[in-house]
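Just so we're aligned: 411 in this note's numbering is position 409 of the sequence shown, and the numbers increase by one with no gaps anywhere. To keep things clear, I will list the structure first and then write my remarks on it.
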Amino acid sequence: MRILYVNWVDYHDAEGRGGGVSVYQRNLIAALGARPGVETAFLCSGIAHDLTRRTPHVVTLDAGKSPRYALVNSGLIAPSHADFAGAAQLDHAETEGAFADFVDRTGPWDVIHFNNLEGLPANILALHPRWPQTRFVLSLHNYYPFCPQVNLWFAERETCADFHAGAKCARCLPAPPQPRPVRLAYAFAWSLSRRGLGPGTAFYDRLFRPGMSHAWRLARRVSRRRRGLEKTAPPPAIAHQPQGQSGEPFARRRARMVALINAHCDAVLCVSDRVRQIALSHGIHAERLQTRYIGTAAADQWRTSLPRPGFLAPDGTLHLAYLGYMRRDKGFHFLMRALAALPEAQARRIRLTVAARAGDGEAMAALKALRPHLAEVRHVDGYAHDDLPALLADVALGIVPVQWEDNLPQVALEMHARHIPLITSDRGGAQELGRAPAFVFRAEDVQDLHRVLRRVLEGALQPAEYWARARPPTGMAEHLDALLGIYAGG
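Spelled out as structure tokens, the structure:
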């Protein structure tokens with residue numbers, strides 16, 4: 003069986019872009035390499051751009067056992083928010099032609115598995131009849147087909163349950179997208195990498211990356227000042243809306259993507275039941291949809307770890323851990339507000355570990371303000387997978403307070419697999435791991451999170467209640483068996 007995987011970023015990206023999907027893709031291809039009769043390759047598209055040859059074309063990144071390719075000069079840039087609902091997200095004839103030529107040249111493929119459509123025009127799905135023996139499989143790791151911001155998160159401040167026929171999309175961004183400078187930055191980075199001056203070199207890390215980051219922040223600040231949106235807290239109540247722009251293009255984008263998926267994808271894989279519910283509500287046909295929890299190497303920890311008998315340390319304190327990003331949609335700012343509002347008697351019994359790259363000034367100030375209020379605040383400025391055993395060694399309870407419908411956060415899997423119970427919001431797929439309603443609070447509701455924490459501190463909630471119906475994490479071998487069955491037509 004020959005399988006071509008597609009995503010917007012290379013899973014060996016030197017800058018570590020792609021998050022949990024890249025980790026998953028890397029693990030998946032490595033595991034399939036041990037399966038007899040299975041051949042894999044990978045194509046990325048959307049961030050490789052070349053100023054010396056403007057037309058879309060495919061180059062080889064690695065010609066090894068599982069080759070990796072990049073489609074250079076795609077008509078759209080990735081990730082999606084950098085080219086928010088640009089016309090090429092639907093159609094771009096030259097990019098579609100380059101993709102078709104590549105598949106013809108390297109095929110035939112039994113399966114083309116899109117781990118994302120970002121970086122390619124959605125109309126490539128209409129090429130399916132050109133290869134009738136090839137199955138098209140799409141995984142929904144985010145909500146890109148329904149939302150150009152990919153996370154159904156409006157104006158960087160609230161979940162978006164209804165886009166009002168696209169009208170909310172037209173005023174979603176605090177500042178308009180800047181695809182041209184992003185494309186130029188990608189082109190310079192690509193040129194440097196091809197000349198051996200990419201990430202990891204002194205020139206790139208000390209000069210190019212800081213310079214580009216500064217220029218990008220300055221451009222955004224100027225853009226916001228021009229629109230009277232310079233730094234506000236909370237985020238602006240009315241986001242940017244280009245004069246005369248209606249919601250119709252956004253409604254058309256969503257309808258077209260859903261129609262293409264329904265017409266040409268043999269299977270649409272949802273990484274949680276919540277994702278399946280959302281896809282169904284947005285018009286994806288039920289017969290296309292399957293819930294398939296991703297395989298994770300963290301599942302090995304399930305067999306070698308044991309649940310704690312209780313949550314509280316001998317001194318009566320509770321050690322909480324928040325992993326991931328200091329982002330509003332991830333619930334970091336909500337968590338800071340909620341912990342700051344805890345009554346002092348409860349707050350003095352909370353020890354908090356935050357493992358996340360340092361965020362903006364507002365995020366860091368909120369974290370700093372918690373230090374005199376809680377028993378302990380520990381900040382780990384980013385972490386690698388190998389750091390997790392030490393990082394989580396004495397953590398009693400994880401917290402995943404997402405405010406958006408987060409498909410299935412990798413950090414939730416990492417903690418759950420190590421027998422660390424999770425307090426989660428009622429949005430997204432993380433709540434499906436424990437299947438324990440007593441550990442779930444209403445998103446955006448500070449008092450409801452307080453209710454859960456109070457029950458833990460009082461001893462009314464114990465780990466046994468979380469584990470009673472908990473879902474064992476899916477191992478990679480089990481996941482591969484399921485995937486290969488889908489690839490074969492099951």
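Backbone N, C-alpha and C define an ideal beta-carbon position, used for all residues, glycine too. Since this is a predicted model, take the numbers as computed values, not measurements.
Using a C-beta cutoff of 8 Å, does Trp469 count as contacting chain D? The structure shown has no chain D; it contains just one protein chain.
Note down, one range per segment and in chain order, each beta strand (DSSP E) of at least 3 residues found wholly within the segment 287-348. Complete beta strand (DSSP E) runs here, min 3: 291-293 and 320-326.
Under 8 Å: do the segment 129-149 and the segment 277-291 share three or more Cβ pairs, one atom per stretch? yes
Quick one: residues in its chain with C-beta nearer than 8 Å to the C-beta of Met478, no 5 flanking neighbours on either side, listed in chain order? Position 476 of the sequence shown holds residue 478. Cβ neighbours of Met478 beyond the five flanking positions: Asn29, Leu30, Ala33, Gly297, Thr298, Ala299 and Ala301.
Taking the alpha carbon of Arg55 as the point to measure from, which residue in Thr42, Leu73 and Glu41 has its own alpha carbon closest? The sequence position of residue 55 within the sequence shown is 53, counting from 1. Ranking Thr42, Leu73 and Glu41 by Cα distance to Arg55 puts Leu73 first.
Please report the distance separating the alpha-carbon of Leu354 from that of Trp111. Position 352 of the sequence shown holds residue 354. Position 109 of the sequence shown holds residue 111. C-alpha separation (whole angstroms): 49 Å.
His481 lies in the beta strand (DSSP E); which residues open and close that run? The sequence position of residue 481 within the sequence shown is 479, counting from 1. No beta strand (DSSP E) holds His481; the alpha helix (DSSP H) holding it covers Met478 to Tyr489.
Terminal residues of the beta strand (DSSP E) in which Tyr7 lies: As a working note, residue 7 is residue 5 in the sequence shown. Note, Tyr7: beta strand (DSSP E), Arg4 to Asn9.
Within the segment 395-457, ranges of the alpha helix (DSSP H) (whole runs, at least 4 residues): 412-419 and 433-436
From this set, Ile79, Gly35 and Gly20, which residue's C-alpha is nearest Ile49's C-alpha? Your numbering for residue 49 matches position 47 in the sequence shown. Per the Cα distances, Ile79.
Return the chain-ordered list of same chain residues with a C-beta closer than 6 Å to the C-beta of Tyr327, the five sequence neighbours on each side being excluded. For this step, residue 327 is matched to residue 325 along the sequence shown. Excluding the 5 residues flanking it on each side, Tyr327 has same chain C-beta neighbours closer than 6 Å at Ala358, in chain order.
Does DSSP put Arg473 in a helix, in a strand, or in coil? Working through the sequence shown from its first residue, we reach residue 473 at position 471. Coil at Arg473, not helix or strand.
Sufficient close CB pairs (3 or more, under 8 Å) joining the segment 117-134 to the segment 6-26: yes
In whole angstroms, what is the alpha-carbon distance linking Tyr2 and Asp52? Not covered by the structure: residue 2. The range shown for the chain is 3 to 492.
In this structure, how does DSSP classify Arg351 when only helix, strand and coil are distinguished? Counting from 1 along the sequence shown, the entry for residue 351 is found at position 349. In the three-state reduction of the DSSP assignment, Arg351 falls in the coil class.
Cβ of Glu98 within 8 Å of Cβ of Asn125? In the sequence shown, the residue the question calls residue 98 occupies position 96. In the sequence shown, the residue the question calls residue 125 occupies position 123. Cβ atoms of Glu98 and Asn125: closer than 8 Å.
What does a CB cutoff of less than 6 Å around Gly487 pick up in its chain, not counting 5 residues either side in sequence? Looking up residue 487 in the sequence shown gives position 485. Excluding sequence neighbours, Gly487 sits near nothing in its chain.
Bridge partners for Asp64 per DSSP, in chain order? In the sequence shown, counting from the first residue as 1, residue 64 sits at position 62. Per DSSP, Arg70.
His51 lies in the beta strand (DSSP E); which residues open and close that run? The count along the sequence shown starts at 1 and reaches residue 51 at position 49. His51 -> no beta strand (DSSP E), and no H or E assigned at all.
Given Lys67, which residues of its chain have a CB within under 8 Å of its CB, disregarding the five upstream and five downstream residues? Here residue 67 is taken as the residue at index 65 of the sequence shown, counted from 1. Excluding positions up to five away in sequence, the list reads Gly35.
Is DSSP giving Glu378 helix, strand or coil here? The residue you call residue 378 lines up with position 376 of the sequence shown. Strand at Glu378.
Cutting at 6 Å between CB atoms, please list the residues of its own chain near Ile240, excluding the five before and the five after it. For the purposes of this step, residue 240 is taken as residue 238 along the sequence shown, with counting starting at 1. Annotation note: pLDDT 40 at Ile240 (below 50); position unreliable, coordinate value reported separately. Correct list: empty, nothing qualifies.
Using C-beta distances below 7 Å, list every residue in its chain close to Thr62, excluding the 5 sequence neighbours before and after it, in chain order. Translated into positions along the sequence shown, residue 62 becomes position 60. Counting only Cβ-Cβ distances below 7 Å, and skipping sequence neighbours, we find Pro69 and Tyr71.
Please check the pair Leu399 and Leu372, which I expect to be a contact at CB under 8 Å, by giving their CB distance rounded to whole angstroms. The residue you call residue 399 lines up with position 397 of the sequence shown. The residue you call residue 372 lines up with position 370 of the sequence shown. With 8 Å as the limit, Leu399 and Leu372 do not qualify as a contact, their Cβ atoms being about 17 Å apart.
Assign Ala131 to buried or exposed, taking buried as 16 or more other Cβ atoms, counted over all protein chains shown, within 10 Å of its Cβ. Against the sequence shown, residue 131 aligns to sequence position 129. Here the sequence assigns Pro to residue 131, which means Ala is not the residue at that position. So Pro131 ends up on the exposed side.
So, does the segment 40-48 touch the segment 154-169, judging by three or more C-beta pairs under 8 Å? These segments do not touch.
Whether Phe443 touches Leu451 by CB criterion (8 Å): Translated into the one-based positions of the sequence shown, residue 443 becomes position 441. Translated into the one-based positions of the sequence shown, residue 451 becomes position 449. Cβ atoms of Phe443 and Leu451: closer than 8 Å.
Where DSSP assigns a beta bridge to Leu142, which residues make up the other side? Within the sequence shown, the letter at position 140 stands for residue 142. The bridge partners DSSP lists for Leu142 are Cys272.
Would Asp85 pass as a contact of Pro201 if the rule is Cβ separation under 8 Å? Within the sequence shown, the letter at position 83 stands for residue 85. Within the sequence shown, the letter at position 199 stands for residue 201. Between Asp85 and Pro201, the C-beta gap is not smaller than 8 Å, which leaves the two residues out of contact.
Given Asn117, which residues of its chain have a CB within under 7 Å of its CB, disregarding the five upstream and five downstream residues? Residue 117 sits at position 115 when you count from the first residue of the sequence shown. Result list for Asn117: Tyr7, Val8, Asn9, Val23, Gln27, Ser141 and His143, in chain order.
Do Gln91 and Arg254 count as a contact pair if the criterion is CB distance below 8 Å? Start at 1 with the first residue of the sequence shown, and residue 254 comes out as number 252. Start at 1 with the first residue of the sequence shown, and residue 91 comes out as number 89. Taking 8 Å as the Cβ cut-off, Arg254 and Gln91 do not qualify as a contacting pair.
DSSP three-state call for Val184: helix, strand or coil? The residue you call residue 184 lines up with position 182 of the sequence shown. Reduced to three states, the DSSP call for Val184 is helix.
C-alpha distance - Pro212 paired with Leu322, whole-angstrom precision: On the sequence shown, position 210 is the one that residue 212 refers to. On the sequence shown, position 320 is the one that residue 322 refers to. The alpha-carbon atoms of Pro212 and Leu322 are separated by roughly 34 Å.
Per-residue DSSP class, three states only, for Val25: Stepping through the sequence shown from its first residue, residue 25 is reached at position 23. Look at Val25 here: in three-state DSSP terms it is helix.
Where does the unbroken beta strand (DSSP E) through Ile114 begin, and where does it stop? Taking the first residue of the sequence shown as 1, we reach residue 114 at position 112. Taken as a continuous stretch (DSSP letters only), the beta strand (DSSP E) holding Ile114 covers Val113 to Phe116.
Burial state of Ser248, where buried means 16 or more other Cβ atoms lie within 10 Å: In the sequence shown, the residue the question calls residue 248 occupies position 246. Ser248 comes out exposed.
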